[in-house]
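Here's the structure we're looking at; comments come further down.
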Amino acid sequence: MSKHSSEAPAQVTVKTLQKRKQGKEKISMVTCYDAAFGALIDRTGIDMILVGDSAGNVVLGFKDTIPVTMDHMVHHTACVGRVVKRAMLVADMPFLSYNLSVEQALRNAGRLIQEGGAAAVKVEGGAAILPQVRAIVQAGIPVVGHLGLTPQSVHQLGGYRVQGKGDQAKIIIEDAIKLAEAGACAVVLELVPAALAEEITKQIPIPTIGIGAGAGCDGQVLVLHDLLGFNSDFSPKFLKKYANLGEVISQALNQYDKDVKGSQFPGPEHSF
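Okay, so the sequence shown: first residue is 160 according to the working numbering, each after it adds one.
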């Protein structure tokens, strides 16, 4: 075995992200909420793992992200953080965990780093939260921004729909510039027109990571369970399914049920 092949893959950091800014190789990011999947992802080349407040929809059974609490996020981040060594681990700050004050934002960001083992936190919003972003960055915690469709504001936005059309585009561009100036290390652009996402990517010095934002971003993120095809009924335009695990898992469980009820399992080979 060569020296190169025996070396552990380099850990992904904010410096790694900056090197990828408008580079030949883009940034890959997926969500994750538990140790089993975290370990699998960390053995791939995927650069970033987001412990998203999408845990509310995906694993906690909520209809949206609003009910997700800091305790939920610390718990799920810690599950992933215990096994991930290579990928950069980012944790979402959930609804109203950073909006009330700079002090509140610092305290909760610190929990995700100290208790959860995250390397960075992600916050939704632009101009209104710049003092919080600056304070978190000054405390030594990398911050990833999130603009466009911000799920924590779904009631205000009137549902899950494309953002940044018309006059709204200018606001999103300005917010992206301000987040970069405040010290954010990257920004997620969700459900915005491809041309707008490309323009933002050109204008700001930090990487953009798109979801439903076209191919002009510096990277892409998808919800793990969506790209693996857990829910056959969920097929938004921006999603590419790389597997159909929902069907595979259902078939396996049905076969197990049939084997148990038909006395086919356990057999002699499974007994002591």
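All C-beta atoms in this analysis are idealised placements derived from N, C-alpha and C, irrespective of residue type, glycine included. All figures in this text were calculated on a predicted structure; none of them were measured in a lab.
Identify every residue that forms a DSSP beta bridge with residue i.
i, result
"residue 304", "346"
"residue 379", "187 and 369"
"residue 279", "249"
Between which two residues does the alpha helix (DSSP H) containing residue i stretch?
i, result
"residue 409", "404–420"
"residue 340", "327–341"
"residue 219", "Per DSSP, residue 219 belongs to no alpha helix (DSSP H) and is neither H nor E."
"residue 387", "Segment: none, residue 387 is in no alpha helix (DSSP H) and carries neither H nor E."
"residue 358", "353–362"
"residue 175", "173–178"
Rounding to the nearest angstrom, what Cα-Cα distance links residue i and residue j in this structure?
i, j, result
"residue 268", "residue 295", "7 Å"
"residue 202", "residue 187", "14 Å"
"residue 280", "residue 399", "26 Å"
"residue 426", "residue 412", "17 Å"
"residue 180", "residue 352", "20 Å"
"residue 253", "residue 415", "38 Å"
"residue 264", "residue 291", "6 Å"
"residue 344", "residue 356", "17 Å"
"residue 402", "residue 208", "19 Å"
"residue 389", "residue 250", "22 Å"
"residue 410", "residue 211", "29 Å"
"residue 172", "residue 431", "49 Å"
"residue 393", "residue 405", "11 Å"
"residue 205", "residue 174", "16 Å"
"residue 104", "residue 348", "What the structure shows of the chain is the stretch from 160 to 431, and residue 104 is not part of that stretch, so it cannot be assessed."
"residue 326", "residue 366", "24 Å"
"residue 247", "residue 299", "15 Å"
"residue 417", "residue 376", "48 Å"
Does any C-beta atom of chain B lie closer than 8 Å to the C-beta of residue i?
i, result
"residue 237", "The structure shown contains no chain B; it holds only a single protein chain."
Classify residue i as helix, strand or coil using the three-state DSSP reduction.
i, result
"residue 208", "strand"
"residue 239", "helix"
"residue 249", "strand"
"residue 225", "coil"
"residue 258", "coil"
"residue 316", "helix"
"residue 374", "coil"
"residue 244", "coil"
"residue 299", "coil"
"residue 200", "helix"
"residue 513", "Outside the displayed range of the chain (160 to 431) lies residue 513, so it cannot be described from this structure."
"residue 428", "helix"
"residue 290", "helix"
"residue 285", "coil"
"residue 310", "helix"
"residue 323", "coil"
"residue 268", "helix"
"residue 163", "Reliability of the predicted coordinates at residue 163 is poor, the pLDDT of 47 falling under 50, and no value is obtained from them."
"residue 230", "helix"
"residue 181", "coil"
query = Taking one C-beta from the segment 282–300 and one from the segment 328–341 each time, how about it: are there three or more such pairs within less than 8 Å?
reply = Segments in contact, yes.
At least three beta-carbon pairs within less than 8 Å, the segment 257–265 to the segment 230–248 = With the cut-off at 8 Å, the segment 257–265 and the segment 230–248 do not touch.
request  = Evaluate contact between the segment 240–254 and the segment 194–210, counting only Cβ atoms and requiring at least three cross-stretch pairs below 8 Å.
outcome  = The answer is yes - the segment 194–210 touches the segment 240–254, with three or more Cβ pairs under 8 Å.
inquiry  = Counting beta carbon pairs with one atom in the segment 309–316 and one in the segment 270–278, are three or more of them shorter than 8 Å?
reply    = These segments do not touch.
inquiry  = Quick test of the definition: if touching needs 3 or more C-beta pairs under 8 Å, does the segment 374–389 touch the segment 299–311?
reply    = Two segments are said to touch when three or more pairs of C-beta atoms, one from each, lie closer than 8 Å; by this definition the segment 374–389 does not touch the segment 299–311.
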